[in-house]
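Working notes, structure below.
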Amino acid sequence: EDQVTQSPEALRLQEGESSSLNCSYTVSGLRGLFWYRQDPGKGPEFLFTLYSAGEEKEKERLKATLTKKESFLHITAPKPEDSATYLCAGNYGGSQGNLIFGKGTKLSVKP
Amino acid sequence: DAGITQSPRYKITETGRQVTLMCHQTWSHSYMFWYRQDLGHGLRLIYYSAAADITDKGEVPDGYVVSRSKTENFPLTLESATRSQTSVYFCASSESRYTQYFGPGTRLTVL
Numbered sequence: 009e010d011q012v013t014q015s016p017e018a019l020r021l022q023e024g025e026s027s028s029l030n031c032s033y034t035v036s037g038l039r040g041l042f043w044y045r046q047d048p049g050k051g052p053e054f055l056f057t058l059y060s061a062g063e064e065k066e067k068e069r070l071k072a073t074l075t076k077k078e079s080f081l082h083i084t085a086p087k088p089e090d091s092a093t094y095l096c097a098g099n100y101g102g103s104q105g106n107l108i109f110g111k112g113t114k115l116s117v118k119p
Numbered sequence: 004d005a006g007i008t009q010s011p012r013y014k015i016t017e018t019g020r021q022v023t024l025m026c027h028q029t030w031s032h033s034y035m036f037w038y039r040q041d042l043g044h045g046l047r048l049i050y051y052s053a054a055a056d057i058t059d060k061g062e063v064p065d066g067y068v069v070s071r072s073k074t075e076n077f078p079l080t081l082e083s084a085t086r087s088q089t090s091v092y093f094c095a096s097s098e099s100r101y102t103q104y105f106g107p108g109t110r111l112t113v114l
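Protein chains in written order, with our numbering: chain A, 9 to 119; chain B, 4 to 114.
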């Protein structure tokens with residue numbers, strides 16, 4: 009069964025304290041690994057897509073990387089406005105092409 | 004540029020009533036999706052549509068009906084609402100089967 013698992017469930021950081029969020033996924037059939045940001049009361053906002061091991065993408069203080077069985081979302085020198093829930097999702101293709109989501113990591117950045 | 008919108012944003016209904024949640028996108032994306040988000044489960048696919056008049060079931064379709072007569076609209080109907088359908092519902096669209104863009108969500112409470 010396709011599975012995407014995120015850790016930790018919650019992460020508290022001080023402003024400026026860099027860290028990483030983890031997403032492990034079922035390797036077989038993966039056609040893309042996605043990262044989304046979700047603020048309270050809002051829909052998920054697309055951040056990155058990664059397709060092959062070794063690929064990296066950056067946006068401001070965020071960098072997403074992909075290995076053969078995990079993806080990491082690195083947050084460098086976070087600010088309070090980076091506080092949100094970060095969702096990882098795998099696309100396993102097939103007739104649906106739907107995303108299989110992890111349960112998310114809730115990040116809190118304190119000033 | 005409205006993107007993808009959902010209405011209503013909040014809905015309270017009673018058990019047994021029919022409820023329709025609306026989704027509209029202005030991008031002319033081919034693919035549209037309905038997800039529900041519940042604590043402990045993350046986002047789960049209810050139904051998806053690859054084009055007008057083409058729909059298919061996702062992971063949790065029971066109790067829901069969809070239609071897609073126009074590319075830009077993808078309504079979700081709960082034929083006879085149950086308390087277990089209390090959730091936050093998100094619509095998403097995609098030009099390909101991969102990167103999906105989400106609406107702001109509808110919070111539905113079934114009493």
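Here a beta-carbon is modelled for each residue, glycine too, at the ideal position from N, C-alpha and C.
These numbers come from a predicted model, not from an experiment.
Residue 57/B sits exposed, since fewer than 16 C-beta atoms from the chains shown fall within 10 Å of its C-beta. Residue range 67 to 69 is occupied by the beta strand (DSSP E) that includes residue 68/B. With fewer than 16 other beta carbons inside 10 angstroms of its own, residue 16/A counts as exposed.
For the region 92 to 114 of chain B, the residues whose beta carbon sits under 7 Å from a beta carbon of chain A are, in order, 93, 100, 101, 102, 103, 104, 105, 106, 107, 108. Residue 45/B belongs to the set of residues whose beta carbon lies under 7 Å from a beta carbon in chain A. Residue 77/B places its beta carbon 7 Å or farther from that of residue 97/B. Residue state for residue 32/A is assigned as strand, using DSSP reduced to three classes.
In terms of beta-carbon proximity, residue 57/A lines the interface with chain B, with at least one pair separated by less than 7 Å. Leaving aside the five residues that flank residue 63/A on each side, the residues in its chain whose CB is nearer than 8 Å to its CB run, in chain order, 73, 74.
When the five nearest sequence neighbours on each side are left out, the beta carbons in the same chain lying within less than 6 Å of the beta carbon of residue 118/A are those of 22, in order along the chain. Excluding its 5 nearest sequence neighbours in each direction, residue 61/B has C-beta neighbours in its own chain below 7 Å: 48, 49, 50, 51, listed in chain order. Taking CB atoms only, residue 40/A has a neighbour in chain B less than 7 Å away. Here residue 26/A is exposed, its C-beta having fewer than 16 other C-beta atoms within 10 Å. DSSP places residue 53/A in the strand class (E or B) of the three-state scheme. At a Cβ-Cβ threshold of 7 Å, residue 97/A and residue 81/A do not count as neighbours. Residues of the region 44 to 74 of chain B whose Cβ lies closer than 7 Å to any Cβ of chain A, in chain order: 45, 46, 48, 51, 59, 61. Residue 112/A sits away from residue 11/A, with the two beta carbons spaced by 7 Å or more. Using a Cβ-Cβ cut-off of 7 Å, residue 107/A is close to 103 of chain B, given in chain order. A buried status is given to residue 22/B, since no fewer than 16 other beta-carbon atoms sit within 10 Å of its beta-carbon. DSSP places residue 66/A in the strand class (E or B) of the three-state scheme.
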